[in-house]
Each structure stands twice: as structure tokens, then as C-alpha cells.
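Heads up: the structure comes next, in C-alpha cells.
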Amino acid sequence: LLVRGRGPALRRSGPGTLVRILRAVGRRISDAGMERATVGILTHLPVARILRDCSAVVDGHDVDGKAARRIAETGGDRVLGALRDLREAHRVGAVLIGHYGAIRGANVYRDCDVIAAIGDPWPNIGAAAEDARALGIDGDCYADALRDAEVMQALGRAREVRRTSDRPVLLIYAGRDAPATWDTAEVSVESLPQGGPTPTEATEAAEWLALDLLADRFGAGCPALVRLLARSPWLAARQGIPAVTPDDLDL
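Residue numbers for the sequence shown follow my numbering, so the first one is 342 and each next one is one higher.
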């Protein structure tokens, strides 16, 4: 599966794009008839750190609360929610997380049911251009080749060539284009929305910000905060607050 999106999109829109990718992974796992799939996620180091923190919280391993605090500081609440949703829907079981540049030769992912490489692992473009000039080859083609090599290193952690027919693996790459070596393979393509967050995502982000600002400034019982929670049942549910109706308000 190729989940197509522009390379900078993950950096530009951050958690929103990552949430979309995780949901796309969940859909494909469901389509494949898998339950509690063991998933290996290989991505850029900053994204891997967010996912490791979210996984620690979901798995109950965040004993000292440090991971939860980092999630709050980096705005990763929605990523945490998406990962928790996949777990509660029985689509994802164990999650193994690694990052580009530190996966060559690793065997820890060989028994995964799914390997997802998230983000285009582009090389340093300036350094690649200098190397290409020295080699007398086209710089863009050289950069593409380096990216493809790193993607195939990531997906190759599944050791699919050593698997038997009763141990298939689902390979997912979330990036701009499929690696060149996929040209002869049967690849399903899913395009994610482009151009930043959807209206619903923007509204949710604004309401989360309002919730934080009101709670910090006035405390949990301020009238404006209660109105916000009354207007947004999903937000109240995420906060563990019973549903509020206009009839309940005396403000």
C-alpha cells in the first residue's frame, strides 16, 4: 500500500497528517482481516519519539507520567487518541517503533504482521548534490535513489522473502511516491487530503485550544468552559465529563 502525500506535509501539518496515516493503516489492517496485528512503524526520529510516548501511555508503561507530559507539550494528544482507537478496535496489538538511519540489519521486525514506513527519508539535499556532481550523475536521480534505498531498508525489516504463504506481511509506505522497486509489484494507492487540516480538524484544534486556555485562566468550573463542553459532546467525552445539555446550564 502507498499512502500518498507530499513530503513536507508531515512536518507542516504535524499531528493531523500523522493521525490520518494511522487511520489509513487501521483501515488496511481491517481490510486484510487482521486482528491485533503486530505493527512495526519506521519513520523520522522526531515522529518516532512521539509514537513511542503514545505507545507507552496506551500500554500503561508511562509510570512516571513523563511520556504523557511530552505528548501534551508537543500537541500529540490526537496521535495518542488515534493509537488508542486502533488498540480498542482490536486492529493493532503490539507496536514496534524505529527510525530511519538506525534500522539497517535489524531483525526485531521480522515477525510483524504489518510494516509501515512513514515519511520520505530524503538525504541531505546539499550533500547529495555534491556527491552526485563528483560522480558525474544527475543530482535529483541520485537523491531519489538514496530515498528508495532507505525505504526498502525499512520495509525489508519484515524479511518477507523468508516468509511462507501462511505468514504474509502487509507493507505500507506513507510518502510522496512509491519506491522504484515497487513498479513491478501490485500496489494499492490511497491519497490523503492535502492542503492542511480539514474544517473538522481545524474546529477540533480550536476547541482544544479554547479548552486549555479557559481551564488555565479560570479553572474547570468557568461558565465559558461549560458552554464549550455543552456544544461539543465529543470534547466532553474525551475529558471524561458526562454529556451536558442546554437544560443543564444555569449561566
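Using N, Cα and C, we set each Cβ at its ideal position, and we do this for glycine too.
- Item | Range covered by the beta strand (DSSP E) that runs through residue 420 | Not the beta strand (DSSP E): residue 420 falls in the alpha helix (DSSP H), residues 418-429.
- Message: residue 498 and residue 383 - do their beta-carbons sit closer together than 8 Å?
- Response: Cβ atoms of residue 383 and residue 498: closer than 8 Å.
- Beta-carbon gap between residue 464 and residue 484 smaller than 8 Å: A contact, by the Cβ cut-off of 8 Å.
- Task: Please report how far the alpha carbon of residue 359 lies from the alpha carbon of residue 416, in whole angstroms.
- Result: When rounded, the distance between both Cα atoms is 12 Å.
- Message: So the candidates are 504, 391, 430 and 503; which of them puts its Cα closest to the Cα of residue 608?
- Response: This structure cannot settle anything about residue 608, because the visible part of the chain is limited to 342 through 592.
- Query: In this structure, does DSSP put residue 380 in helix, strand or coil?
  - Reply: In the three-state reduction of the DSSP assignment, residue 380 falls in the strand class.
- Task: Report the partner residues of residue 459 according to the DSSP bridge assignment.
- Result: 384 and 515, per the DSSP bridge assignment.
- Message: Using the Cβ count rule (16 or more neighbours within 10 Å means buried), how would you classify residue 513?
- Response: Buried.
- Query: Does the Cβ of residue 514 lie closer than 7 Å to at least one heavy atom of the ligand GDP?
  - Reply: With respect to small molecules bound, the structure shown includes none, and the ligand GDP cannot be examined in it.
- residue 597, buried or exposed, once every other Cβ within 10 Å from all chains shown has been counted against 16: This structure does not reach residue 597, given that the chain is present from 342 up to 592, and the question cannot be answered.
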